[in-house]
Amino acid sequence: MKIGSSLLTNSKGVVNKSVLKNVVADIVWLLNKKKDVIVVSSGAIALGRGKLKLKSELTLNESQAVAATGQIELMAAWQSEFKKHKFQVAQILLSPSDAENKKSSKNAIATIENLLKFGCVPIINENDTTSTDEIKFGDNDILAAKISKLVTADHLILLSNIDGLYSEPPKNQKNDILITEVKSITKKIESMAGTASLLGKGGMVSKIKAAEICMKSKCSVIITSGLKKDPIKSLLRSTTKSTRFVAKS
Ligand code: GLU
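Numbering of the sequence shown is given in our numbering, commencing with residue 5 and proceeding in unit increments.
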């Protein structure tokens, strides 16, 4: 499951506590059902900004430094919420290139598998000190897809602040068309993501790219809003709004 900065943190650079609480409660529900869950979380830069009280635009290098301090806040927030449910968390920092390097990826898989065996929840973020891919573009969507491929995940849930992929930027009106199922990433789907993303609605371009990586690796992808009280559980209800990308068989 991947959660982005704009959902997990607010404009003041602090954790959106109700979102964190709801997401953790649903992950615990899955863990109690003996499902393996890996979390990819961004938010380091946003929280670092808040902590250091930085208001102005940051350069890329400054963002990397800010992430180094915000990462502590990010992990502290996850740790404290999971602790309420008596679960331990573990921090993993990966660069997207780690997922492609044979030795690094083998080590990452072994670490993740052992953490799951120990009952710890791996919380992964990009290693912003050495890598800038997800700061520039992606908000960890691509990283989450690469990790899903690496660990041969069955599903990737992308929690967003939008219900899914809309045919056009949604105006909160009845005629907004939500695409509920995508069987292949066509030019049409790509152009819908392009339009939505230009208006800053959920960064759909990187989500579509992430879906493409996963679908080829037999991993289905779901985009849904993380603003609901039960963001993951609600996916069992047929009335819940989401976009499902069907894995290639
Ligand atoms: N690793 C970055 C962070 O945690 C991801 C980029 C972003 O979310 O803006 O802030």
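Glycine is no exception: its CB is placed at the ideal position from the N, C-alpha and C atoms.
Computed from a predicted model, the values in this text were never measured in an experiment.
Identity of the residue in Lys21, Ser101, Lys252 and Leu119 nearest Ser188 by Cα: Cα-wise, what sits closest to Ser188 is Lys252.
Buried/exposed call for Ile181, threshold 16 Cβ in 10 Å: Counting Cβ neighbours within 10 Å, Ile181 comes out exposed, since fewer than 16 surround it.
Neighbourhood of Lys55 by C-beta distance below 8 Å, restricted to the same chain and skipping five residues each side: Counting only Cβ-Cβ distances below 8 Å, and skipping sequence neighbours, we find Gly17, Thr73, Gly74 and Glu77.
Alpha helix (DSSP H) runs wholly inside the region 76-150, at least 4 long, in chain order: Counting whole runs of 4 or more residues, the region 76-150 contains the alpha helix (DSSP H) stretches 106-121 and 137-140.
Sequence-distant residues of its chain with Cβ nearer than 8 Å to Pro100 (five each side left out): For Pro100, the CB contacts under 8 Å within the same chain, skipping 5 residues up- and downstream, are Glu130, Ser135, Asp137, Glu138, Ile146, Leu147 and Lys150 in chain order.
Coil, strand or helix - Ser195 by DSSP: DSSP places Ser195 in the helix class (H, G or I) of the three-state scheme.
Buried/exposed call for Leu64, threshold 16 Cβ in 10 Å: Result: exposed.
Given Ile7 as reference, the closest of Ser84, Ile128 and Lys106 once Cα atoms are compared: Closest option to Ile7, Cα to Cα, is Ile128.
Burial state of Thr133, where buried means 16 or more other Cβ atoms lie within 10 Å: By the neighbour-count rule (16 or more Cβ atoms within 10 Å), Thr133 is not buried but exposed.
Euclidean distance between Cα positions of Leu11 and Asn105: Rounded to whole angstroms, Leu11 to Asn105 spans 31 Å at the Cα level.
Three-way DSSP call (helix, strand, coil) for Arg248 in this model: Strand at Arg248.
Proximity winner among Ile113, Thr243, Arg241 and Ala214, relative to Met5 (alpha-carbon distances): Closest option to Met5, Cα to Cα, is Ala214.
For Gln83 and Ala197, the rounded distance between their alpha carbons: Going from the Cα of Ala197 to the Cα of Gln83 covers about 34 Å.
beta-carbon Gly8 near the ligand GLU non-hydrogen atom, thresh 7 Å: In this structure, Gly8 has its beta carbon less than 7 Å from a heavy atom of the ligand GLU.
Residue span of the alpha helix (DSSP H) that contains Ile212, given as start and end: Met208 to Lys220 is the span of the alpha helix (DSSP H), which, as asked, contains Ile212.
Under the three-state DSSP convention, the category Lys237 falls into: In the three-state DSSP reduction, Lys237 falls in the helix class (H, G or I).
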